[in-house]
Amino acid sequence: MVRAYTQEHVYRHPWDRVTTAAWRKFTDPDTPAVLSHILDVHTLSRRLDSATGRLLTTRSITVRSPTLPFLVRRVLGQDAVVCHCVESSVVDAPRRSMDIVARNASLRGLIEVEERSSYRPHPDRPAEWTVFRQETSIRCKPLSALAAVAEKVEQRCADRFLQNSVKGREVVERICKYLEAESSSAAAAASC
Amino acid sequence: MGISRNRAASSSSSASPCAQLRSAYHDCFNRWYSEKFSKGRCEEDECVAEWDKYKACLVQHLEDKHLRQILLESEASLYSVKADAGSSGDANVTSH
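Line order of the protein sequences matches chains V and P.
Quick note: the first sequence, position 45, residue 45 per UniProt numbering, numbers continuous.
Quick note: the second sequence, position 78, residue 78 per UniProt numbering, numbers continuous.
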């Protein structure tokens with residue numbers, strides 16, 4: 001069983017601003033209130049390939065799952081679990097592309113979630129706008145002894161993922177606005 | 001793999017000794033990314049000192065086995081871009 005969701009969003013901000021905001025999404029001081037399921041984010045590896053202008057990063061994102069279905073709660077003896085996701089990204093500065101793949105590292109015997117996202121300059125207005133695309137696929141293991149339960153978890157996770165990517169988008173929009181204001185005030189200061 | 005049993009609080013604080021080093025690194029990275037890298041000036045990583053301190057702290061304090069493994073593997077593959085890109089499964093990096 002695989003469920004796949006595709007989303008697209010156009011930010012009316014240039015690529016460099018949007019990707020800056022994307023990096024700040026989880027570390028911005030105002031974010032925890034909005035993305036309350038995010039418990040912890042760490043950068044595990046980062047490498048700049050200065051010859052090609054590519055930046056390679058691996059991060060861990062620790063999330064609290066939504067409240068689990070009754071049966072799973074009984075099996076695990078708890079209401080929710082803490083899961084780790086591993087996110088790998090490549091930013092290619094000369095080509096102005098950012099590609100991100102996030103996968104769950106916990107509960108993989110039960111469910112596999114993969115989220116592929118990309119930020120590219122908008123084809124019609126490449127200097128001003130940015131296209132965000134995201135494809136989420138959620139697969140539960142067919143031979144899992146907990147297949148029926150897994151399906152419920154799958155649905156719950158899917159709901160949560162969609163909700164959260166909308167919230168994540170709002171956070172990125174807000175940080176973009178902030179960066180825009182900051183850059184115009186910096187430009188004003190520099191002209192003095 | 002590594003479900004932390006009802007330890008939301010303790011799990012999120014498992015690496016908290018590194019919180020300060022992490023925010024010092026993030027501040028540096030965010031500035032460098034927005035002012036230089038994203039504008040195409042990508043010759044030099046200016047946050048190496050901050051990164052080394054933060055990473056040394058993580059090596060010492062990160063509890064989760066799976067995450068530790070990634071952290072330690074990344075040290076081993078420091079000189080191989082291919083290994084990094086390969087493990088991310090980024091077949092679509094060259095598309096568009």
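Beta carbons are placed, not taken as given, at the ideal position from N, Cα and C, and that holds for glycine.
Between the Cα of A19(P) and the Cα atoms of T20(V), G109(V), L39(V), which residue gives the shortest distance? When each option's Cα is compared against that of A19(P), the closest is L39(V).
_So A93(V) and F37(P) are supposed to be a Cβ contact under 8 Å. How far apart are they, rounded?_
Indeed, because the Cβ distance is near 6 Å, the residues count as touching under 8 Å.
- Compare the Cα-Cα distances from V59(P) to each of E8(V), H122(V), R96(V), S45(V) and report the closest residue. Measuring from the Cα of V59(P), the nearest candidate turns out to be S45(V).
Bridge-paired residues (DSSP) for C83(V):
V63(V), per the DSSP bridge assignment.
Original post:
Would you call F70(V) buried or exposed, if buried means 16 or more other Cβ atoms sit within 10 Å of its Cβ?
Top reply: So F70(V) counts as exposed.
Query raised in the report: So A4(V) packs on T136(V), CB below 8 Å; how close in whole Å?
Result: Cβ-Cβ separation between A4(V) and T136(V): approximately 7 Å, consistent with a contact (criterion under 8 Å).
Exercise. V6(V) touches chain P at which residues, Cβ-Cβ below 8 Å?
Worked result: In the sequence under discussion, the amino acid at residue 6(V) is Thr, which differs from the Val named in the question. For T6(V), there are no neighbours in chain P by C-beta distance under 8 Å, as the nearest C-beta there is about 13 Å away.
Just how far apart, CA to CA, sit S118(V) and E170(V)? In this model, S118(V) and E170(V) are separated by some 16 Å (Cα to Cα).
Check your understanding: Taking the continuous alpha helix (DSSP H) assigned at C57(P), which residues delimit it?
Key -> Annotation: the continuous alpha helix (DSSP H) that includes C57(P) extends over 48-61.
CB A21(V) to CB C176(V), shorter than 7 Å? Yes, the Cβ-Cβ distance between A21(V) and C176(V) is below 7 Å.
Does the Cβ of G40(P) have 16 or more other Cβ atoms within 10 Å, making it buried, or fewer, making it exposed?
Using a 10 angstroms sphere on the CB of G40(P), the tally of other CB atoms stays under 16, which defines it as exposed.
How many angstroms separate the CA atom of E43(P) from the CA atom of D79(V)? Between the alpha carbons of E43(P) and D79(V) lies a distance of about 48 Å.
Of the choices V10(V), E115(V), S106(V), G53(V), whose alpha-carbon is the least far from that of H84(V)?
Checked all of V10(V), E115(V), S106(V), G53(V); the closest Cα to H84(V) is S106(V).
task: Quick one: give me the first and last residue of the beta strand (DSSP E) that R116(V) is part of.
output: Where R116(V) is concerned, the enclosing beta strand (DSSP E) starts and stops at 111-121.
Exercise for the section: Return the first residue and the last residue of the alpha helix (DSSP H) that S23(P) is part of. Expected result: For S23(P), the enclosing alpha helix (DSSP H) covers residues 19-35.
Look at the alpha carbon of W15(V) and the alpha carbon of R133(V), and state the distance between them as a whole number of angstroms. Cα-Cα distance, rounded: 13 Å.
| Helix, strand or coil for H37(V) per DSSP? | Here H37(V) carries a coil assignment [DSSP, helix/strand/coil].
Given that T130(V) touches chain C, what residues does it touch there, using C-beta distances under 8 Å?
Considering every chain present, this structure includes no chain C. Its protein chains are V and P.
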